Amino acid sequence: MALKSDMKILVIDDMATMRKIIKNMLQQIGFKNITEADDGATAWPMIQEALDSPEPYEFIVSDWNMPQMSGLDLLKKVRETEALKKLPFLMITAEAEQGNVVIAVKAGVSNFIVKPFSAAVLKEKIEKIF
Amino acid sequence: MSLLNDPSMKEVVDEFCDESLQLFNELEEILEEFEDDPTQTEKLEQFGQIIDRVMGSAKTIGADEIATFCELGKAIGYKSSQVNDRALLEVVCAIMFDSLELLKKMILQIKEGNSSSFEETSSTAFVTRLKWLKEKFNDIERASCAADPDANLSQTSIDDLMSSLGL
Numbered sequence: 044m045a046l047k048s049d050m051k052i053l054v055i056d057d058m059a060t061m062r063k064i065i066k067n068m069l070q071q072i073g074f075k076n077i078t079e080a081d082d083g084a085t086a087w088p089m090i091q092e093a094l095d096s097p098e099p100y101e102f103i104v105s106d107w108n109m110p111q112m113s114g115l116d117l118l119k120k121v122r123e124t125e126a127l128k129k130l131p132f133l134m135i136t137a138e139a140e141q142g143n144v145v146i147a148v149k150a151g152v153s154n155f156i157v158k159p160f161s162a163a164v165l166k167e168k169i170e171k172i173f
Numbered sequence: 002m003s004l005l006n007d008p009s010m011k012e013v014v015d016e017f018c019d020e021s022l023q024l025f026n027e028l029e030e031i032l033e034e035f036e037d038d039p040t041q042t043e044k045l046e047q048f049g050q051i052i053d054r055v056m057g058s059a060k061t062i063g064a065d066e067i068a069t070f071c072e073l074g075k076a077i078g079y080k081s082s083q084v085n086d087r088a089l090l091e092v093v094c095a096i097m098f099d100s101l102e103l104l105k106k107m108i109l110q111i112k113e114g115n116s117s118s119f120e121e122t123s124s125t126a127f128v129t130r131l132k133w134l135k136e137k138f139n140d141i142e143r144a145s146c147a148a149d150p151d152a153n154l155s156q157t158s159i160d161d162l163m164s165s166l167g168l
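The listed protein sequences derive, respectively, from chains D and B.
Residue numbers for the first sequence follow our numbering, beginning at 44 and rising by one.
Residue numbers for the second sequence follow our numbering, beginning at 2 and rising by one.
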């Protein structure tokens, strides 16, 4: 499936550095419609609000470890919502502990990326998802 | 070439330095609180969680020495939060304070474009000390923000789940 360059993407990470790096990579890949959130707790209302708008998010890229709402908790909230059950959700983590990966897989994550990663790896994971 | 050495990524690297210094200050406050009341071992878990955030960014920009420090600090933070050995926890606290001081020096060196001189901060010798400290907690398994420590799946289930996602 060809990737739409205007696909609406939400990048969630509590570190501004990481958000900037991920956004740069997504832009390198060719995506143009990228929004940022600094925590799962900030992202969740944004996702809900967008769902009621003509332009819901089409892809979520989220860090795992965040202070208020973790990527896993956000993923669970997303999957509990009927309209978001199939929303592609890419989890980024600094350590792919097997137990945690399995839990995220069970929670419905679409794919996993371990830091550090390159734009090429990000692209490959996105292509696998879509 | 890592982002650290890429002139076009200077803004990102500077932002990393500023964010990290801010988090290191937060970590110092957490250690001070723990020092005041060593029964609050949950502060050490909080330490592990915050230093983990720096670790991810450090790995991504190619600040490997900082990432190593943070990785060890994270494991020590989470593991030490699960013990009640007051004497050992005092050592943890002292070494974590020293780690933060070294981490701050390393960040300032990056800011000055001088990251190749980490040797001067004795980081290698200090990593050995951190590894020694981590070994003190070898019998403790949880070294991160485990989502559900009670979820024990068989290896077959794990493999099936991973392969179903192409992981």
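Using N, Cα and C, we set each Cβ at its ideal position, and we do this for glycine too.
Every value quoted in this text rests on a predicted model; they were computed, and no experiment measured them.
Query, Result
"Cross-strand partners of D:A80 (DSSP beta bridge)", "D:I55"
"Inter-residue Cα distance where the pair is D:K149 and D:K120", "13 Å"
"Boundaries (first-last residue) of the alpha helix (DSSP H) holding B:D99", "87–112"
"Residue from B:F127, B:R130, B:G114 whose Cα sits closest to the Cα of B:D15", "B:G114"
"Cβ-Cβ separation, D:A59 to B:E20 (assumed contact under 8 Å), whole Å", "6 Å"
"Best match in B:L89, B:V128, B:N85 for proximity to B:L104 [C-alpha to C-alpha]", "B:V128"
"Residue-level contact to chain C via CB, B:L4, 9 Å cutoff", "No chain C appears in this structure, whose protein chains are D and B."
"Any non-hydrogen atom of the ligand ZN within 8 Å of B:G74 CB", "Looking at this structure, you won't find the ligand ZN or any other ligand, since it has none at all."
"Rounded Cβ spacing between D:N108 and B:D53 (contact assumed at less than 8 Å)", "5 Å"
"Pairwise C-alpha distance: D:F173 and B:V92", "50 Å"
"Residues of its chain near D:I52, where Cβ-Cβ distance is below 8 Å and the 5 sequence neighbours each way are ignored", "L69, F74, N76, I77, T78, Y100, E101, F102, I103, V104"
"Reduced DSSP category for D:N154 - H, G, I as helix; E, B as strand; rest coil", "strand"
"Enclosing beta strand (DSSP E) for D:T124 [first to last residue]", "Here D:T124 belongs to no beta strand (DSSP E), and DSSP marks it neither H nor E."
"Segment limits, alpha helix (DSSP H) that includes B:S124", "124–136"
"Element boundaries [alpha helix (DSSP H), containing B:F48]", "43–62"
"Chain-ordered neighbours of D:N108 on chain B, where CB pairs are closer than 7 Å", "Q50, D53, R54, C146"
"Cβ-Cβ separation, B:T61 to D:I64 (assumed contact under 8 Å), whole Å", "6 Å"
"Reduced DSSP secondary structure (H/G/I, E/B, other) of D:F173", "coil"
"Rounded C-alpha distance that separates B:F35 from B:C94", "8 Å"
"Three-state secondary structure assigned by DSSP to B:I141", "coil"
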